[in-house]
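**Student:** Right, I'll just put the structure down here and ask away after.
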Amino acid sequence: MFDNAINEIQDINLSYLLLAQRLLKEDYATALFRFKLDESVASVLASLTARQLTRLARSNQLVFKMNFEDAAQLEQLTSTKRAEGLEHIHAALLMSSSVN
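The sequence shown begins at 567 in our numbering and counts up one residue at a time.
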């Protein structure tokens, strides 16, 4: 069971890193905002080869940080009823306002 969890963490890491790198190459400013990356970290991440990304993903720890540091914020995102179609806007506003 532990090995399975490690494999899943590594799969998530690789997916996250590939997505971040792709978005950085497509729309750098938006990727900085969405991933809450420092420009120096983003620059290195964008330049990594597939081999380097894979090596980094093989960690037994998640390579990204959860944006929910406040339980109240998480509760607002999951329990507040919003007009249909506006949920993603509300979530984006709440998550972009968190301080890292």
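Just so you know, even glycine gets a beta-carbon here, dropped at the ideal spot from N, CA and C.
On a predicted model such as this, the values are computed, not experimentally measured, just so you know.
Rounded to the nearest angstrom, what separates Ala608 and Leu598 at their Cα positions?
**Tutor:** In the sequence shown, residue 608 corresponds to position 42, counting from 1. In the sequence shown, residue 598 corresponds to position 32, counting from 1. Looking at the two C-alpha atoms, the distance is approximately 7 Å.
**Student:** Tell me which residue opens and which closes the alpha helix (DSSP H) that Ser625 is part of.
**Tutor:** Walking along the sequence shown from the start, residue 625 turns up at place 59. Ser625 -> no alpha helix (DSSP H), and no H or E assigned at all.
**Student:** Tell me the rounded alpha-carbon separation between Asp577 and Ala623.
**Tutor:** Stepping through the sequence shown from its first residue, residue 577 is reached at position 11. Stepping through the sequence shown from its first residue, residue 623 is reached at position 57. Whole-angstrom Cα-Cα distance: 7 Å.
**Student:** With a threshold of 16 other CB atoms inside 10 Å of the CB of Ala586, please say whether the residue is buried or exposed.
**Tutor:** Residue 586 sits at position 20 when you count from the first residue of the sequence shown. By the neighbour-count rule (16 or more Cβ atoms within 10 Å), Ala586 is buried.
**Student:** Of the choices Leu628, Arg600, Leu584 and Asp593, whose alpha-carbon is the least far from that of Ile575?
**Tutor:** For the purposes of this step, residue 575 is identified with residue 9 of the sequence shown, where counting begins at 1. Checking every option, the nearest Cα to that of Ile575 belongs to Leu628.
**Student:** Whose C-beta lies closer than 6 Å to the C-beta of Val665 among residues of the same chain, with five residues either side of it excluded?
**Tutor:** The residue you call residue 665 lines up with position 99 of the sequence shown. With a pLDDT of 47 at Val665, under the threshold of 50, the modelled position of that residue is not reliable, and the figure given next carries that caveat. Closer than 6 Å at the Cβ level, and outside the excluded window around Val665, lies no residue.
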